[in-house]
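Student: Sharing a structure with you now.
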Amino acid sequence: MDFFSSNFKLGILGGGQLGKMMLYETRKWDIHTKVMDASPEAPCKISCNEFVEGSLMDFGAVYNFGKDVDVLTIEIENVNVDALEKLEHEGKKVFPPTKALRTIQNKATQKLFYTDHNIPTAPFMRFAYTSEIKDSISNGGLQLPFVWKSAQFGYDGQGVKVVRKMEDLNGLPNVECIAEKMVDFKNELAVIVARSTKGEVKTYPVVEMEFHPEANQVEYVICPARIEDSVAQKATEVALKVAEHLQPVGLLAVELFQTQDDQILVNEVAPRPHNSGHYSIEASYTNQFEQHIRAILGLPLGKTDSKVAGIMVNLVGAEGHTGDVVYEHMDTILEMDGVTPHIYGKKQTRPFRKMGHVTIVDEDMSRAREVAQKVKETINVVSK
């Protein structure tokens with residue numbers, strides 16, 4: 007199959023920033039792309055060859071979209087898997103495969119998958135409805151504190167809540183969910199595994215995530231992680247074990263906890279390019295988006311090593327600001343060495359919405375971390 011400057015068509019479900027950054031790469035290689043998103047303002051709209059407005063959860067919309075492309079991939083898990091399954095049965099190439107996607111899409115199923123395959127993960131209980139949790143606490147089945155996670159459609163700090171006291175359950179949606187034991191961790195780590203249609207597998211270096219205490223969102227992603235080699239090796243082995251059993255095609259981002267006694271536990275996974283791999287656009291030989299394209303097209307996987315230390319800062323909407331976005335002090339951060347901003351193209355900001363990211367690269371990790379701090383303190387994402 008000839009992919010370059012040909013009539014081959016790659017379909018992407020989801021038109022957000024991950025899709026937009028994937029399109030940096032398809033543009034580089036002149037691969038024809040068709041994207042579907044529910045929003046007419048989707049960031050992808052300006053850089054794909056064809057754009058279709060449609061709901062990713064709508065069976066007919068996804069099925070009809072998929073029939074018209076040669077290979078179909080996703081940039082978000084919340085898609086109609088029944089439609090993808092039908093396309094797969096009809097011989098369409100769908101990556102990640104629907105079997106892996108079904109397992110991942112529901113957090114309860116995902117957690118059961120880990121326990122079934124002896125993959126280390128925090129203890130949890132599964133509930134058909136949030137309302138059942140109070141009974142479980144009162145009869146001693148479940149101990150406070152724990153982390154409540156909606157089984158479906160939770161991402162970016164949505165659908166996740168730390169429950170320390172009974173009142174914290176108030177206002178949570180009454181849905182299928184899990185209650186997960188809180189892990190006392192030293193570090194949150196992530197490993198991106200790439201697996202091609204030909205079964206070739208490569209991993210990226212372990213990254214470390216520094217979280218914002220209130221927003222439950224990543225503040226910095228640091229590559230390489232500042233951890234011992236033995237811990238990095240264990241993290242990589244666990245991530246590879248997940249990929250071996252899940253058999254994804256494309257990228258698999260594996261989020262991990264490093265406990266106080268250096269055990270590695272799987273938190274959750276995403277079968278697509280991931281926030282924890284954005285640093286790779288500036289810092290790696292092969293960035294994660296190019297690697298995803300290589301993997302799903304069955305091309306040889308690229309070198310995953312970093313050229314320099316990289317730190318990524320998420321740009322999220324400031325609290326108290328909703329409306330047309332303004333990026334303050336952009337020129338100031340552009341004066342700093344090794345700083346590259348990526349603006350996703352969302353016209354409207356709201357508190358904690360992911361609006362862009364900034365990568366800081368340097369031969370020296372501690373210098374990169376200092377600049378990252380400056381960037382964080384300088385730039386503001388506000389509304390007019």
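With our numbering applied, the sequence shown covers 7 to 390.
Even glycine gets a Cβ: it sits at the ideal position worked out from N, Cα and C.
1. On the premise that E334 lies in contact with V388, defined as a C-beta separation below 8 Å, what is that separation, rounded to the nearest angstrom?
2. With contact counted as at least three CB pairs below 8 Å, one residue from each stretch, are the region 339-355 and the region 290-310 in contact?
3. Please say whether V314 and A289 have beta carbons closer to each other than 8 Å?
4. I52: buried (16+ other C-beta within 10 angstroms of its C-beta) or exposed?
5. In the DSSP assignment, the alpha helix (DSSP H) including G25 goes from what residue to what residue?
6. Are the beta-carbon atoms belonging to R373 and G323 less than 8 Å from one another?
7. Bridge partners of S312, per DSSP?
8. Less than 8 Å between the CB atoms is what I'm expecting for L62 and A44, so what's the real figure, rounded?
9. Considering only residues of the same chain and omitting the five flanking positions on each side of S11, which have a CB-CB separation below 8 Å?
10. Just to confirm before moving on: does the CB-CB distance between I110 and E83 stay below 8 Å?
11. Which class does E182 belong to by DSSP, given the choice of helix, strand or coil?
12. How big is the Cα-Cα spacing for L195 and M215?
13. State the CB to CB distance for the pair A157 and V181, rounded to an integer number of angstroms; the pair is presumed to be in contact (CB under 8 Å).
14. Helix, strand or coil: which one does DSSP assign to V275?
15. Considering only the alpha carbon of each residue, which of K155, S137 and V169 lies closest to C183?
16. Does the pairing of the region 139-153 with the region 112-119 give three or more beta-carbon distances under 8 Å?
17. For the region 341-386, which segments carrying the beta strand (DSSP E) assignment without a break, of at least 3 residues, lie completely within its bounds, in sequence order?
18. Below 8 Å between beta carbons: does that hold for K240 and I287?
19. Determine, using beta carbons only, whether V244 and I125 come nearer to each other than 8 Å.
20. Of the residues L24, D76 and N193, which one's Cα is nearest the Cα of I228?
21. Only counting the same chain, and skipping five residues up and downstream in sequence, which positions put a Cβ closer than 7 Å to that of E186?
22. For the putative contact between Q253 and A89, defined by C-beta atoms under 8 Å, what is the C-beta separation to the nearest angstrom?
23. Look up A89 in the DSSP assignment and say whether it is helix, strand or coil.
24. Just checking G362 against the ligand ZN - is the residue's beta carbon closer than 7 Å to any of the ligand's heavy atoms?
25. Which residue from H95, E91 and K98 puts its Cα closest to that of R108?
26. When you compare only the Cα positions, how much space is there between Q294 and K140?
27. Looking at the strands, I want to know which residues DSSP matches up with T265.
28. Just curious, the beta strand (DSSP E) that E216 is in, first and last residue?
29. Please determine, among F14, T136, I198 and V199, the residue with the shortest C-alpha to C-alpha distance to V169.
30. If you scan the region 225-252 from start to end, which runs of the alpha helix (DSSP H) of 4 or more residues do you find wholly inside it?
31. So V75 is in the beta strand (DSSP E); what residue range does that whole segment cover?
32. Among R278, G256, H251 and S282, whose alpha-carbon lies nearest the alpha-carbon of L262?
33. Going residue by residue through the region 110-165, where are the continuous alpha helix (DSSP H) segments of at least 4 residues, counting only ones entirely within it?
34. Looking only at its chain, what residues have a beta carbon closer than 7 Å to the beta carbon of K309, apart from the 5 residues adjacent to it on each side?
35. Leaving out the 5 sequence neighbours to the left and right, which residues in its chain are closer than 7 Å to Y120 when beta-carbon positions are compared?
36. Here's a check: name, in chain order, each residue in its chain whose Cβ is nearer than 8 Å to the Cβ of T328, leaving out the five neighbours to either side.
Tutor: From the atom records:
1. In this structure V388 touches E334 by the C-beta definition: roughly 6 Å separates them, less than 8 Å.
2. No, the region 339-355 does not touch the region 290-310.
3. Yes, the pair counts as a contact, with Cβ atoms nearer than the cut-off.
4. It counts as exposed.
5. From DSSP, the alpha helix (DSSP H) with G25 extends over Q23 to K34.
6. In this structure, R373 lies away from G323, with their beta-carbon atoms at least 8 Å apart.
7. DSSP, once it has assigned bridges, lists S290 as partnering S312.
8. The Cβ separation is near 7 Å, so the contact holds.
9. Answer for S11: D36, listed in chain order.
10. Taking 8 Å as the Cβ cut-off, I110 and E83 qualify as a contacting pair.
11. E182: coil per DSSP, three-state reduction.
12. One C-alpha to the other measures close to 6 Å.
13. The Cβ separation is near 7 Å, so the contact holds.
14. In this structure, V275 counts as strand in the three-state DSSP scheme.
15. It is K155.
16. No, they do not touch.
17. Restricted to the region 341-386, the beta strand (DSSP E) segments that are unbroken, complete and at least 3 residues in length are 345-349 and 360-368, listed in chain order.
18. No, Cβ-Cβ distance for K240 and I287 is not below 8 Å.
19. Yes. Within cutoff.
20. Considering only alpha carbons, the answer is N193.
21. The residues A128, F130, F152, V153 and K155, in chain order, have a CB closer than 7 Å to that of E186 in the same chain once the five nearest residues on each side in sequence are set aside.
22. With 8 Å as the limit, Q253 and A89 do not qualify as a contact, their Cβ atoms being about 21 Å apart.
23. Here A89 sits in helix by DSSP.
24. Inclusion of the ligand ZN in the displayed structure is not the case, the ligand content being empty and no account of it being possible.
25. If we check each option's Cα against that of R108, E91 comes out closest.
26. Each residue's alpha carbon lies about 42 Å from the other.
27. Checking the DSSP bridge columns, you'll see T265 partnered with F191.
28. Run containing E216: V213 to F217, per the beta strand (DSSP E) assignment.
29. Ranking the options by Cα distance to V169, first place goes to T136.
30. With a minimum length of 4 residues, the continuous alpha helix (DSSP H) runs that stay inside the region 225-252 are 235-252.
31. No beta strand (DSSP E) holds V75; DSSP gives it neither H nor E.
32. Nearest of R278, G256, H251 and S282 to L262, Cα basis: S282.
33. As far as the region 110-165 is concerned, its whole alpha helix (DSSP H) runs of at least 4 residues are 113-122 and 138-144.
34. Y291 and T292, listed in sequence order.
35. Same-chain partners within the cutoff: T127 and V272.
36. If we look at T328 and ignore the five residues flanking it on each side, its Cβ neighbours are Q354, T355, R356, P357 and S389.
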